[in-house]
Structures are given as C-alpha cells and as structure tokens.
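In order, the protein sequence lines correspond to chains H and Z. With our numbering applied, the first sequence covers 223 to 448. With our numbering applied, the second sequence covers 223 to 448. A virtual CB, placed ideally from N, CA and C, is assigned to each residue, including glycine. It should be emphasised that the depicted structure is a prediction, and the values quoted were computed from it without experimental measurement. Structure first, commentary second.
There are 2 protein chains.
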Amino acid sequence: MRILVVEDEHKIANSIRVGLEQENYAVDVAYDGTDGYDMASSEDYDLIILDRMLPRMEGVEVAKKLREKKIHTPILMLTAKGQIQDRVEGLDSGADDYLTKPFAFEELLARIRALLRRPQNSMGTSLMIEDLTLNTSTFSVKRNDKYIKLSSKEFALLEYLMRHPNQILSKEHIIAHVWNYDADILPNTVEVYVGYLRNKIDKPFKEEKQLIHTLRGFGYRIGGEK
Amino acid sequence: MRILVVEDEHKIANSIRVGLEQENYAVDVAYDGTDGYDMASSEDYDLIILDRMLPRMEGVEVAKKLREKKIHTPILMLTAKGQIQDRVEGLDSGADDYLTKPFAFEELLARIRALLRRPQNSMGTSLMIEDLTLNTSTFSVKRNDKYIKLSSKEFALLEYLMRHPNQILSKEHIIAHVWNYDADILPNTVEVYVGYLRNKIDKPFKEEKQLIHTLRGFGYRIGGEK
DNA sequence: AGGTTTTCTCAGCTATTTCTCAACAATCGT
DNA sequence: ACGATTGTTGAGAAATAGCTGAGAAAACCT
Chain H
223 MRILVVEDEH KIANSIRVGL EQENYAVDVA YDGTDGYDMA SSEDYDLIIL DRMLPRMEGV
283 EVAKKLREKK IHTPILMLTA KGQIQDRVEG LDSGADDYLT KPFAFEELLA RIRALLRRPQ
343 NSMGTSLMIE DLTLNTSTFS VKRNDKYIKL SSKEFALLEY LMRHPNQILS KEHIIAHVWN
403 YDADILPNTV EVYVGYLRNK IDKPFKEEKQ LIHTLRGFGY RIGGEK
Chain Z
223 MRILVVEDEH KIANSIRVGL EQENYAVDVA YDGTDGYDMA SSEDYDLIIL DRMLPRMEGV
283 EVAKKLREKK IHTPILMLTA KGQIQDRVEG LDSGADDYLT KPFAFEELLA RIRALLRRPQ
343 NSMGTSLMIE DLTLNTSTFS VKRNDKYIKL SSKEFALLEY LMRHPNQILS KEHIIAHVWN
403 YDADILPNTV EVYVGYLRNK IDKPFKEEKQ LIHTLRGFGY RIGGEK
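The following block contains the structure:
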C-alpha cells in the first residue's frame, strides 16, 4: 500500500512517514500543495493524507483539483483544531475523511484502515490474552471475570500491547503509537505506565500467569513465556 | 429505500445525503424546485425531503403540484426557524411532516423512520431501561410510574442515550448525533445537559439504581453497572 | 409586549490523570 | 565484585476532565 503525505511542517510529516513505514506502508512526502498535487496526479497512490493549510496551494484546492481530474484516491484531510466548521467544506471539496490535529497516531491508523477498507485488525472489538479481555467498544477490561478500571492512557497502552501480543515493543515504538506525534514523552513515562498497568492487571492476580514482561534493553511484551 | 432531497444550500444537502447514505438509504439530490419536481414525478421515491424556500419553484408549490398529479410519496418539509405559521400552509399543501432548521440529525432520522413506517404500523417506539420508560410517539418519560417533564433537547439527549444502552458515548459522538451538523457546541454543553438529566431522572430516585454513569476520559453511558 | 422557558456559555471548583523527577533495585560486562 | 546501564517506584507538580451555579440570549407563549 502506497501513501502520499502532503504536509509542510517537516517535523509532523516526518513522524507520520516513520510511523506509517513501521506499519509497512510505502510512504512518499510532499511539502507543499503544488508538489502534492503533481505527485498525486502522476503516481498511483492508495491514499493521500492532506494537510489543509499548505504553502503554494491550499489542501482544499488540491483535493478539488484532483477530483476534477477524476482522480478518486481516498483523501484523509488534516486540520488544526478549532476550525470545526471547516469540516463541511473539507468534505465538500472531495475529502473522504477528516482528522483534527493533534491526533493520536493510533487514530490516524484506524482511519487509514477504514479508508483502505482493510478488514479491521481482528476487529471483533474484543481482544483477549489468557484470561484478560479488553473490549474496544465498551472500553472495558476484565481479568478472571473481574472488571478493571483503567484511565484512558492506561487503556490506550494496554490496547496497543494487546493488538501486538507476543511481540516486543520498544519504548520509542510505544511512544509513537500511544501518544500524539508531537508529544515529547520521556521513555521513563512508558516505564511508569507499564508499572500502573502491572499494578492493575498482574499484581492483583498473583495466582495467574503474569502477562506483562520486560525485555531488558529491548522493550515490553504482553503474553508469551517468561 | 430511495429518498429524494430537494435543498438549494449545497452544504446542507450534502450533509443530509452523506448522513442518510450511512443509514443505507439511496439518496438523490435536487438543488431547485423544478428539478426536484421533475425528479419526483419521473422516479419512484419512498420519501421526499423538501426545503420550503427554493429557487425556481417554492417547496409548497412543488408539494401541491405533486399531489395534484396524484403522486402520494410522503413529503417531509424543512423550513428555517421562526416561520412557524408556515406549518399549516405546509401541511395543507400536501406535506406529511414538518421539521424546522436547524435540526439534530437524529431527529430527521426519527421522522424519516416514522414516515416510512406509517403504512404498516403507526406505533411509536417505547424505550425502556430498568424502570425508566421513554415513548417517542407521545414524547413522554416516566420513571417508577411518575411522569418526568423534559425540554426537547433533554429529551433528544435521553433518547439518544437510551437507543444505545450500556454503550459508552463520547461527548463528540453525542454532539454529532443530538445537535445539528453545523452547531458549534462545546463539550461542556453536553456536561451541563447530562447534569440536567441527572437532576430529573436520577437525583429524585435515590432509592433506585442510578442510571447515568460518567466514564472519565471516555464518555457517558446509560444503564449497566457502576 | 412581557413573562416564562429553554438553550448554551462561562468561570470557579474538585478530583483525577498525566507526566516528571530522583532515589533505589536489578542486571550486565569486564 | 564493581561501576555502568537499565528498569522500578513513590512522591508530587502540572495539566486536564467533569460538575455546577449563575446568567445572557433566544425562543416560546399567551
């Protein structure tokens, strides 16, 4: 899957590129509207991520021109927050979906998956490892039939871990996926949150198998053997 | 089900179209009265949503002409607010129901469902959670056999919550469904209205189970356990 | 036109969450 | 065994989410 990112802020463009590449998308980047338009019309992308405010040509303008040219590549438009009424205009211009900055990287991924009509990543909304269940539609977490109350960040972290069971996830990787792209999060913060999760899902279940493992020097992993 | 939307404001027409398509209706749009009239008389629609103020031919006029031509497709007429005395005229002209702009999308859907259901059973739905009942045809709410008086916004919010019992609904989600498209509603407004509802349906029933739950960081939920 | 109700925002308050820091513990290489 | 590196944890500061009373503005009703 090839994705074109049109975004003038290099920092943001780069984080998106790196993040998407880790998810095995092929990514090209354009830093202004006209470049974006040229690339979108000459190459064959599966998806275009288009910032609304761009030098040389506005995002809305780019979208309109592409549609006029009968290029129907799905477009996901980005705007700064507080421009809520742009939504209608954005969708009118031909965009297929719409996301306000700043956003969590996971949300961007979810929208991309939706637009690419990919079968949602085990989209039973219910993730399960051993006797631990996480339901993404009711936002509930259970272990051994006991409900566990998590804060939203704890939930996001656990969801991310559970979507990649038995895989080692580095702290940098976790930061990129669970926090916003521009969040300046120390690796220690991840350590602290892993600690919180352990207090809630492992420590009270001493009888059961411990689920969150530390792989010193590499990262964390949920599930699998010691 | 095929629906014809006759509305000259492209922005509104488009939002309605997108929204209805998401509900699996097939939607055609006409942007003025004569086009609307032509399409309505040549195609076979299940419902026509007709704006009152239209270029080339007034909504009322379109409705009258259709009825003269023995086309009895249900018509839902839209007017700008503050034109309340138009109601009689609108209904006289042959419209079956009547909605003032701006409206919440959920309300439009409810009316559409009502109109499309009319031939079969004209029974309004009754939603129930524990000892709380909400009747959408009489617009009445009861708890423990006591009638509770709600404003229309409160009613709309409660109806939305009760149509999704045991589900967590985020403030953004609630705004999108209970308020109208271009309403610029702060999340705090939802908090306030949830407060109003609590004052009326939970606080006076301290003995009973409390029904409206806050899930910090996620949203609100009606029904279900603490 | 005047009073009432409803809708919505604001500002202050509280509780919770988020995140960092720094001290401590565990592990690793030599 | 030793310092160096990496991970854990308690304490607390800062940020954020949610609740509520007050009130402005609009809509509604005679």
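If we call anything under 7 Å between Cβ atoms a contact, is Tyr418/H one with Glu376/H? Yes, the Cβ-Cβ distance between Tyr418/H and Glu376/H is below 7 Å.
Can you look up Leu269/Z in the DSSP assignment and give me helix, strand or coil? If DSSP states are grouped into helix, strand and coil, Leu269/Z belongs with the strands.
For a test of the three-state rule: what should DSSP assign to Arg289/Z, helix, strand or coil? Helix at Arg289/Z.
List, in order along the chain, the chain Z residues whose C-beta lies closer than 8 Å to that of Pro360/H? The question names Pro, but residue 360/H is Thr in the sequence shown. By Cβ distance, chain Z contributes Asn388, Gln389 and Ile390.
Quick one: grab the DSSP three-state call for Ala262/Z. Residue state for Ala262/Z is assigned as helix, using DSSP reduced to three classes.
What are the boundary residues of the alpha helix (DSSP H) that includes Leu379/H? Start and end: Ser374 to Arg385.
Does the Cβ of Tyr369/Z have 16 or more other Cβ atoms within 10 Å, making it buried, or fewer, making it exposed? Flag for Tyr369/Z reads exposed.
Pairwise C-alpha distance: Val412/H and Ser392/H: Each residue's alpha carbon lies about 10 Å from the other.
On the DSSP letters alone, give me the boundaries of the alpha helix (DSSP H) that Ala252/Z sits inside. If you look at Ala252/Z, you'll find it isn't in any alpha helix (DSSP H); it sits in the beta strand (DSSP E) that goes Ala248 to Ala252.
Expressed to the nearest angstrom, what Euclidean distance is found between the alpha-carbon atoms of Ile396/Z and Leu379/Z? For Ile396/Z and Leu379/Z, the gap between their C-alpha atoms comes out near 8 Å.
Would a check of beta-carbon distances place Gly439/Z closer than 7 Å to chain H? A Cβ of chain H is located within less than 7 Å of the beta carbon of Gly439/Z.
Would you report the Cα separation of Glu231/Z and Gly255/Z, rounded to the nearest angstrom? When rounded, the distance between both Cα atoms is 12 Å.
DSSP state of Thr358/Z mapped onto helix, strand, coil: It is coil, neither helix nor strand.
Any Cβ of chain Z within less than 7 Å of the Cβ of Val348/H? It is Ser, not Val, that sits at residue 348/H in the sequence shown. Answer no: the Cβ-Cβ gap between Ser348/H and chain Z never drops below 7 Å.
Using a C-beta cutoff of 7 Å, does Ser263/H count as contacting chain Z? With its beta carbon at least 7 Å from every one in chain Z, Ser263/H lies outside the interface.
Is Phe325/H near the ligand GDP - that is, is its Cβ less than 6 Å away from at least one heavy atom of it? Absence of the ligand GDP is noted for the structure shown, with no ligands found whatsoever.
Rounded to a whole number of angstroms, what is the C-alpha to C-alpha distance between Lys253/H and Ile234/H? Looking at the sequence itself, residue 253/H is Tyr, so the reference to Lys does not match. Put simply, the backbone Cα of Tyr253/H is about 11 Å away from that of Ile234/H.
Per the contact definition of three or more C-beta pairs closer than 8 Å, is the stretch 351 to 364 of chain H in contact with the stretch 287 to 299 of chain H? As far as the Cβ criterion goes, the stretch 287 to 299 of chain H does not touch the stretch 351 to 364 of chain H, which means the pair count is below three.
For Asp268/H, which residues from the same chain have a beta carbon less than 8 Å from its beta carbon, with the 5 sequence-adjacent residues on both sides left out? Once the five neighbours on either side are set aside, the close Cβ partners of Asp268/H are Met223, Arg224, Ile225, Thr295, Pro296 and Leu338.
Which same chain residues end up closer than 8 Å to Leu433/H when comparing Cβ atoms and leaving out the 5 residues on each side of it in sequence? The beta carbon of Leu433/H is closer than 8 Å to those of Ile351, Glu352, Leu354, Ile423, Asp424, Ile444 and Gly445 in its chain, skipping five residues each way along the sequence.
Amino acids of chain Z, ordered along the chain, whose beta-carbon sits closer than 9 Å to that of Glu373/H: One point to set straight first is that residue 373/H is Ser, not Glu, in the sequence displayed. Chain-order list of chain Z residues neighbouring Ser373/H: Arg438 and Gly439, by C-beta distance under 9 Å.
Locate the beta strand (DSSP E) running through Arg420/Z, then write down its first and last residues. Arg420/Z: not part of any beta strand (DSSP E); member of the alpha helix (DSSP H) spanning Pro409 to Ile423, first to last residue.
Taking a contact to mean a Cβ-Cβ separation below 7 Å, would you say Gly316/H touches Arg289/H in this structure? At a Cβ-Cβ threshold of 7 Å, Gly316/H and Arg289/H count as neighbours.
Less than 6 Å between C-beta atoms, sequence neighbours within five positions excluded: which residues of the same chain meet that for Ile270/Z? Correct list, in chain order: Leu226, Ala262, Thr295 and Ile297.
Separation of Lys428/H from Asn410/Z, as counted between CA atoms: Using only the alpha carbons, I get a separation of about 42 Å.
Could you give the distance in angstroms between the alpha-carbon of His435/H and the alpha-carbon of Lys364/H? Whole-angstrom Cα-Cα distance: 19 Å.
My guess is that Val228/Z and Arg239/Z are in contact by the Cβ rule of under 8 Å, so how many angstroms apart are they, rounded? That pair is no contact at about 12 Å.
For Gly439/Z, which of His399/H, Leu372/H and Asp367/H has the nearest alpha-carbon? If you compare the alpha carbons of His399/H, Leu372/H and Asp367/H with that of Gly439/Z, the shortest gap goes to Leu372/H.
Buried versus exposed call for Val310/Z [16 or more other C-beta atoms within 10 Å across all chains shown]: Low per-residue confidence applies at Val310/Z: pLDDT is 49, beneath 50, and the placement is therefore not dependable, though the value from the model is reported in the following sentence. When all chains shown are included, Val310/Z counts as exposed.
Using DSSP with H/G/I as helix, E/B as strand and the rest coil, what is Ile351/H? Residue state, collapsed to three classes: strand.
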